[in-house]
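So the number in the working numbering is just where the residue sits in the sequence shown, counting from 1, plus 717. Remarks on the structure that follows.
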Amino acid sequence: MKKLFLVFLIGLVSSFIPSDAQQFFKTENKPLTFKEMQKQFQEWKSNHDLSKQRNWKYFKRWENEMQMHTDGQGNPVDPAVYFDAINKANADKNNLRTSSATTPVFWLPKGPFDLPVNNSGYMETGMGRVNCIAFHPTDAATYYVGVAQGGLWKTNNNGQTWTPLTDNLPITRISDIAINPANPDEIYISLCDFEYIGFGLNLNGRKRNTHYGLGVYKTLDGGLTWNATGLSFQLTNGDASLIRKIIIHPTNTNNLVACGVSGMYTSTDAGNSWTHVLDSLFWDLTQDPVNPNILYAATGWVKNSNDGEAAIYKSTDFGTTWTKLNTGIPPTGSVQRIRLSIAPSDPNYIYAIAVDDVFGLYGFYKSTDAGLNWQYLPPLLNILSYDDGNASGGQGNYDLALFVDPSDREIVYTGGINIWGSTDGAVSFNPVSHWTTAYGPSIHADVHSL
């Protein structure tokens, strides 16, 4: 498939300049070197009052960053050089640690542990974004969270204290966690921040060029050391580097499935090698709670780049082959992101929440026969908006969660800016929490996982 966004390479400098901004680079259909970019900017600067211009600071920030990663001629080097050096340094540290006869020294947090004071008076305090959570297969007090810019964290006392596990990785953006149920020391993570898909460059004035990823990484010792698997990317792959989900087969744990912007992948050798089985922009992947060979996946359409198609797929052989289901979902123009959830008490019940072209609720799609037939449930309220559901829009491409009650197939929860709940199978919803404290105690806005 075509790349979702042009990456931030020297030859593509025009990509990070918004359409309404002053164009201070002239590429003339040929790549610019770093020095040529600096020279052109200085020439443009000499004829313009910067206090009256917009967007030039983005270039200067990028220039400052690139000057710290240059070759002998003053040009930025391939990010792979930096990551290779980081990985080698970490390998050397690990070798020294294991070969030392003395007790290894680790850093542990010592405070302060108090939440910062929120002086707004209208919303709850927030500490940072948690993208995903995964639980130890046998110890309920042990679980892991992956955060947007702080890596993977583990608690073994039900959240009282936490230990960071990925501080030595080249980047610390985590979008998914998969734990081997037969060997909890074997963990796979998606090293990226998927939630900013579609906002990678200066689109609509949003500067989000730091969410790209490196693929799937793996540990065999509970997080002390990590290595890249065969499903690897570079940051220069842009949004194509983003992996959304990883699933491990519970009885044959060498079998893996992973999906993301660049497609669907399978592995039969614990991640050493991967097969690219589908070439679509995938936004979600979930597993039947009874039959682990049955998987459902959702693709999407990203309005910002007019890329991808919205659909739901099903596999009955753990990802080797896939069938597009007859859902009635518009492939482009209306539905962007789709998130899936299966009822644990009845796997025939499958829910899909669909995000519209302005990031609000398009509606729900529901199957009660394992994906054979689907019912469209139009929204009575826009439960992805910031208010009581009567406004349009939202943040559905950024924060979206869906959860079915473990014992009641008709009880459904959704997370967006706020949390809403349904007791009638996603036909109608009532608020569960609000992003402000106007209605009483609540939680912070922007729910990414339930």
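Beta carbons are placed, not taken as given, at the ideal position from N, Cα and C, and that holds for glycine.
Under the assumption that residue i contacts residue j (Cβ atoms under 8 Å), give the Cβ distance between them as a whole number of angstroms.
i, j, result
"ALA975", "ILE960", "6 Å"
"SER1051", "ASP1074", "6 Å"
"ILE1046", "ARG1056", "So it is not a contact: roughly 13 Å between Cβ atoms."
"THR970", "ALA899", "5 Å"
"LEU1002", "GLY940", "Wrong, their Cβ atoms sit about 23 Å apart, outside the cutoff."
"GLY915", "ASN1021", "4 Å"
"VAL847", "HIS1165", "7 Å"
"TRP1091", "SER1102", "So it is not a contact: roughly 25 Å between Cβ atoms."
"TRP943", "TYR934", "5 Å"
"THR936", "ILE964", "That pair is no contact at about 17 Å."
Could you tell me whether the Cβ atoms of residue i and residue j are closer together than 8 Å?
i, j, result
"ASN717", "ASP1034", "Residue 717 falls outside the range modelled here, since the chain spans only 718 to 1167, and no answer is possible."
"GLY947", "SER990", "yes"
"TYR1093", "GLY1080", "yes"
"THR1140", "TYR1082", "no"
"SER1058", "LEU1097", "no"
"ILE1136", "VAL1149", "yes"
"ILE1128", "ASP1163", "no"
"ALA1015", "GLN1053", "no"
"GLY867", "GLY845", "yes"
"ILE1100", "LEU1119", "no"
"PRO1168", "ILE803", "In this structure the chain extends from 718 to 1167, so residue 1168 is not present and cannot be described."
"VAL1072", "ASN1114", "yes"
"ILE894", "ALA851", "yes"
"ALA1155", "TYR839", "yes"
"LYS1062", "ASP1125", "At residue 1062 the sequence reads Ser, which differs from the Lys that was named. Their beta carbons are under 8 Å apart, which means SER1062 touches ASP1125 by this criterion."
Within 10 angstroms of its Cβ, does residue i collect 16 or more other Cβ (buried), or is it exposed?
i, result
"ILE906", "buried"
"GLU782", "exposed"
"GLU912", "buried"
"TYR1168", "Because the chain is modelled from 718 through 1167, residue 1168 falls outside the range shown and cannot be assessed."
"GLU760", "exposed"
"PRO793", "buried"
"ASP996", "exposed"
"MET754", "buried"
"GLY922", "Confidence is the limiting factor: at GLY922 the pLDDT is only 49, short of 50, which leaves the residue's position unreliable, though a coordinate-based value still follows. The residue is exposed, with fewer than 16 neighbouring Cβ atoms inside 10 Å."
"LEU721", "In this prediction, LEU721 scores a pLDDT of 37, lower than 50, which makes its location untrustworthy; the coordinate-derived value is nonetheless stated afterwards. Buried, since its Cβ has 16 or more Cβ neighbours within 10 Å."
"LEU749", "buried"
"GLY1157", "exposed"
"ASP910", "buried"
"SER979", "buried"
"GLN688", "Nothing can be reported for residue 688, as the shown portion of the chain is limited to 718 through 1167."
"VAL798", "exposed"
"GLY789", "exposed"
"SER837", "exposed"
"VAL1019", "buried"
"ARG771", "exposed"
"SER984", "buried"
"ARG778", "exposed"
"GLY828", "exposed"
"ASN812", "exposed"
Rounded to whole angstroms, what's the CA-CA distance from residue i to residue j? Just pull it up for me.
i, j, result
"ASN807", "TRP870", "18 Å"
"LEU931", "PHE950", "5 Å"
"LYS752", "PRO796", "18 Å"
"THR953", "LEU1042", "34 Å"
"HIS993", "MET981", "6 Å"
"PHE776", "THR842", "33 Å"
"ASN919", "PHE999", "In this prediction, ASN919 scores a pLDDT of 41, lower than 50, which makes its location untrustworthy; the coordinate-derived value is nonetheless stated afterwards. Using only the alpha carbons, I get a separation of about 23 Å."
"ASN1147", "ASP902", "40 Å"
"ALA957", "GLY977", "8 Å"
"ASN764", "TRP773", "13 Å"
"ASP809", "THR859", "29 Å"
"PHE830", "GLY791", "43 Å"
"ALA738", "GLY1111", "Note that ALA738 scores a pLDDT of 40, beneath 50, so its modelled location is shaky; the value from the coordinates is reported in the next line. The alpha-carbon atoms of ALA738 and GLY1111 are separated by roughly 26 Å."
"HIS966", "SER768", "57 Å"
"LYS865", "ARG890", "Checking the sequence shown, residue 865 turns out to be Ala, not Lys. Taking the straight line joining both Cα atoms gives about 5 Å."
"GLU785", "ASN885", "A quick correction: the sequence has Met, not Glu, at residue 785. If you take the alpha carbons of MET785 and ASN885, they lie about 20 Å apart."
"ASN875", "PRO1095", "39 Å"
"ASP1105", "ILE1029", "29 Å"
"LEU825", "TRP879", "9 Å"
"PHE741", "GLU780", "14 Å"
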